[in-house]
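Enquirer: Before anything else, here's the structure in question.
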Amino acid sequence: MRAKVSIEAEGLAAEIEKELARDVTASVREGTETLKVLLRGATEQAFKGNRLPKAWRGKVYPQGQNSVDAAGVVSVRGKAAEIIETALKATVIRARGGRWLAIPTEAAGKFGLKRGANGMGATVNKRGARERITPSGFERRTGMKLRFVYEGGKKGGRRAFLIADQAMLGPGRVARPYRTKGRGSRLYGPAGQSFVVFILVPQITTQKRMDLDLIAEQVGAKTAGLISITRSR
């Protein structure tokens with residue numbers, strides 16, 4: 001009789017532990033998924049894109065089985081981690097060699113033309129001919145020479161502009177060479193207008209745009225602290 005009771009008690013304990021492991025693992029899995037979704041959302045908001053956020057990956061350990069010691073990890077690695085880390089604190093970015101940082105305005109457009117790529121129009125639309133917008137890339141794309149204008153900033157700061165002369169605004173309010181025919185002459189006069197294409201500054205300070213620890217704490221509180229987060233490269 002005692003042996004039978006002992007066996008039944010052990011079986012009941014094993015069943016309780018199995019059910020507890022299943023519940024704990026399910027809770028951790030739900031918390032890990034919630035954390036991943038929140039981190040992807042925060043990354044998308046900070047960087048205004050939908051590609052970088054997908055670098056976040058969530059895993060529950062031990063994999064493929066339930067456990068009362070289950071834990072979840074949401075991590076990002078490689079180049080994506082380096083980019084995301086720039087949003088975790090205020091950062092001062094300085095121009096090299098005492099030069100200028102060129103901040104494009106709306107008139108600059110999104111893409112420049114790579115060095116060695118000739119022509120305009122269809123050539124610019126070829127992905128291989130594009131580069132991130134720069135003053136030289138803008139000049140190659142449009143055939144327009146930018147004019148440098150220096151202006152001292154507030155409290156002794158330095159600031160300058162790169163200006164496109166004899167220009168007009170095309171689709172997307174992007175500066176392009178002035179045309180005397182059509183709506184150009186009606187909107188921009190007989191010689192076109194000048195537009196600021198780049199603002200030049202010696203340095204910029206980026207603000208903190210993400211708080212990963214706060215997000216992790218919020219989700220972790222819901223899952224009894226079983227969620228951890230790593231920002232490995």
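Counting from 1, one number per residue, gives the positions in the sequence shown under my numbering. Backbone N, C-alpha and C define an ideal beta-carbon position, used for all residues, glycine too.
1. I think I215 touches L39, with their Cβ atoms under 8 Å apart; what is that distance to the nearest whole Å?
2. From what residue to what residue does the alpha helix (DSSP H) around I103 run?
3. Who pairs with T238 in a beta bridge, going by DSSP?
4. With DSSP as the reference, identify every bridge partner of G112, one or two as the case may be.
5. Give a yes or no on contact between the region 56-73 and the region 23-39, applying the rule of three or more CB pairs nearer than 8 Å.
6. Can you tell me whether DSSP reads A46 as helix, strand or coil?
7. Provide the residue span of the beta strand (DSSP E) that contains K79, from first to last.
8. What is the rounded straight-line gap between the Cα of V60 and the Cα of R115?
9. How is the beta strand (DSSP E) around K145 delimited, first residue to last?
10. Does G121 pass the burial test, meaning 16 or more other C-beta atoms within 10 Å, or should it be called exposed?
11. From which residue to which residue does the beta strand (DSSP E) around Q65 run?
12. When we look at the beta-carbon of V76 and count the other beta-carbons within 10 Å, is it buried (16 or more) or exposed?
13. Roughly how many whole angstroms lie between the Cα atoms of M210 and T86?
14. In terms of residues, what are the limits of the beta strand (DSSP E) holding M168?
15. Would you tell me roughly how many angstroms separate the C-alpha atoms of V149 and R99, rounded to the nearest one?
16. Using C-beta distances below 8 Å, list every residue in its chain close to L146, excluding the 5 sequence neighbours before and after it, in chain order.
17. Report yes if the C-beta distance between K36 and W56 is below 8 Å; otherwise report no.
18. Across which residues does DSSP place Q203 in a beta bridge pair?
19. Counting C-beta neighbours from all protein chains within 10 Å, is the total for L20 16 or more, i.e. buried, or is it exposed?
20. Less than 8 Å between the beta carbons of K208 and L88, yes or no?
21. Going by DSSP, name the residue or residues bridged to F195.
Expert: Working from what's here:
1. Taking the sequence shown and counting its residues from 1, one reaches residue 215 at position 215. Taking the sequence shown and counting its residues from 1, one reaches residue 39 at position 39. Confirmed, Cβ separation roughly 6 Å.
2. Working through the sequence shown from its first residue, we reach residue 103 at position 103. No alpha helix (DSSP H) contains I103, which is instead part of the beta strand (DSSP E) from L101 to P104.
3. No answer is possible for residue 238: the residues shown for the chain start at 1 and end at 233.
4. Translated into the one-based positions of the sequence shown, residue 112 becomes position 112. Answer by DSSP bridge pairing, in chain order: E131.
5. Yes, since at least three Cβ pairs between the region 56-73 and the region 23-39 fall closer than 8 Å, the two stretches touch.
6. Taking the sequence shown and counting its residues from 1, one reaches residue 46 at position 46. Helix.
7. Walking along the sequence shown from the start, residue 79 turns up at place 79. Where K79 is concerned, there is no enclosing beta strand (DSSP E), although the alpha helix (DSSP H) it sits in stretches over G78 to E85.
8. Residue 60 sits at position 60 when you count from the first residue of the sequence shown. Residue 115 sits at position 115 when you count from the first residue of the sequence shown. Computed Cα separation, rounded: 48 Å.
9. Taking the sequence shown and counting its residues from 1, the one referred to as residue 145 is at position 145. Element bounds for K145: n/a, residue is neither H nor E.
10. Position 121 of the sequence shown, counting from 1, holds the residue named residue 121. Residue placement at G121 is flagged as unreliable, the pLDDT there being 48, under the threshold of 50; a coordinate-derived value is accordingly withheld.
11. Here residue 65 corresponds to residue number 65 of the sequence shown, with the count starting at 1. For Q65, no beta strand (DSSP E) segment is defined, and its DSSP state is neither H nor E.
12. As a first step, residue 76 is located in the sequence shown; it is residue number 76 there, counting from the start. Around the C-beta of V76, 16 or more other C-beta atoms lie within 10 Å, and the residue is accordingly described as buried.
13. For the purposes of this step, residue 210 is identified with residue 210 of the sequence shown, where counting begins at 1. For the purposes of this step, residue 86 is identified with residue 86 of the sequence shown, where counting begins at 1. Answer to the nearest angstrom: the Cα atoms are 9 Å apart.
14. Counting from one through the sequence shown, the residue named residue 168 turns up at place 168. Per DSSP, M168 belongs to the beta strand (DSSP E) from R158 to L169.
15. Sequence index remark: in the sequence shown, residue 149 carries index 149 (1-based). Sequence index remark: in the sequence shown, residue 99 carries index 99 (1-based). The C-alpha of V149 lies about 14 Å from the C-alpha of R99.
16. Against the sequence shown, residue 146 aligns to sequence position 146. Hits under 8 Å: P135, F138, E139, L162, I163, A164, V197 and F198.
17. Position 36 of the sequence shown, counted from the first residue, corresponds to residue 36. Position 56 of the sequence shown, counted from the first residue, corresponds to residue 56. Yes, Cβ-Cβ distance for K36 and W56 is below 8 Å.
18. If you number the sequence shown from 1, residue 203 lands on position 203. DSSP lists R94 as partners of Q203.
19. Here residue 20 refers to the residue found at position 20 when the sequence shown is read from its first residue. Its Cβ having fewer than 16 others within 10 Å, L20 is exposed.
20. Taking the first residue of the sequence shown as position 1, residue 208 is located at position 208. Taking the first residue of the sequence shown as position 1, residue 88 is located at position 88. Taking 8 Å as the Cβ cut-off, K208 and L88 qualify as a contacting pair.
21. Locating residue 195 in the sequence shown gives position 195, counting from the first residue. Answer is A164.
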